[in-house]
Structure formats: C-alpha cells, structure tokens
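In our numbering, the protein residues as written are 199 to 382.
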C-alpha cells in the first residue's frame, strides 16, 4: 500500500534556493547591464586648406575607432563634436546618424573643420607646440540614440570627453585619454 507523504521544505533548502536565485539574477544582470562604449582616435588626415584672408582654414578627416560592448545594437542621431585648443573652440567635426551592431567595432570617418582665425589668436602657443612637436587638443561630443532590446527602444545618451596629444607636424596621435559616460 502506497502512502502519500508530504515533504516539508526545511530552512536549509529554502536558503539554498534563494541563494541560487540571487546568483542567477546577479549573473543575468551583469551580462545585460549596459556598458560605456569605447572611443579611440586613430588618424588625422588633411583634406584641404581654404584661404580665408588673413588666415588659412583647414579641413580634415578624423578616423575614430568605436567599440559597442553591449548585447544590443544601437542607433544614434547625427551630432557635432567640438574641438578645443588652449580652452577656445577651434573647430568641429560632424558625426552622421548611424547604427552599430551588438558587441562590435567599427571605424567612423568624421569630417572636421578648424578655424584658422581661432588658431591665429593662439599663434605664440601654437608655434611653441610646433617647435616641441606636441599639441594638446580637447574634444567633446554628446551622442543620443536608442538601443533595441527585443521590441522596446531604450533611449540613451553618451557623453565623450577626449584629451588628445598630437604631433602638429606629422599629425600623429601621441597620446589620448577618452572618457565616455553612458546615461540611460
């Protein structure tokens, strides 16, 4: 004859189950938690000089390596990156609207313009930088867009602040520090 036995769950079993659930939740959160994208300036190339008497304006292409470490693809709006020299706005670079797949890297080519008049106002420092072949530039950009998670579009904003040392003669990137801050 079979008897129905009721099995009681004791405290150790309940605690073990709760610990397993907490561990699973923590691991899932770490896997899907949004992470800051990474940016790195790779090259600077002159495309043209425009004589704007009494100064020379410059157009360049900035090649930027972007890494999306997240498990979702992103779409971002067009924006403008501001470029500063010695605390003054020197120029800007256009960031076209686009997208980037999940867990991927890509190169962005950003057309930039530098204002010769602004550079002329810092001529003494600029010529000193050319002589020592180190010029420090700062750049800032705010990117806004959406990250698609299943059928939801989550809005995000990324602030990127860059501190870049370049050789003003050969346009080599000597050193850089890029800090990105993701807001959801």
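All C-beta atoms, glycine included, are put in the ideal place defined by N, C-alpha and C. Nothing here was measured: the structure is a model prediction, and the numbers come from that model.
Burial state of residue i (16 or more Cβ within 10 Å)
i	result
residue 297	exposed
residue 285	exposed
residue 159	Shown here, the chain extends from 199 to 382; a query on residue 159 therefore has no answer.
residue 317	buried
residue 367	exposed
residue 208	exposed
residue 287	exposed
Three-way DSSP call (helix, strand, coil) for residue i in this model
i	result
residue 295	coil
residue 367	coil
residue 350	strand
residue 285	coil
residue 316	helix
residue 234	coil
residue 270	coil
residue 308	strand
residue 345	strand
residue 300	coil
residue 251	coil
Residues bridged to residue i (per DSSP)
i	result
residue 375	361
Distance between beta carbons of residue j and residue i, contact taken as under 8 Å
i	j	result
residue 263	residue 303	6 Å
residue 274	residue 381	With a Cβ gap of about 13 Å, residue 274 and residue 381 do not count as contacting.
residue 293	residue 277	5 Å
residue 305	residue 242	With 8 Å as the limit, residue 305 and residue 242 do not qualify as a contact, their Cβ atoms being about 13 Å apart.
Residues near residue i by beta carbon distance below 6 Å, same chain, minus five either side
i	result
residue 257	245, 246 and 311
residue 358	237, 339 and 378
Own chain, CB closer than 7 Å to residue i, minus 5 neighbours either side, in chain order
i	result
residue 307	259 and 261
residue 328	366 and 367
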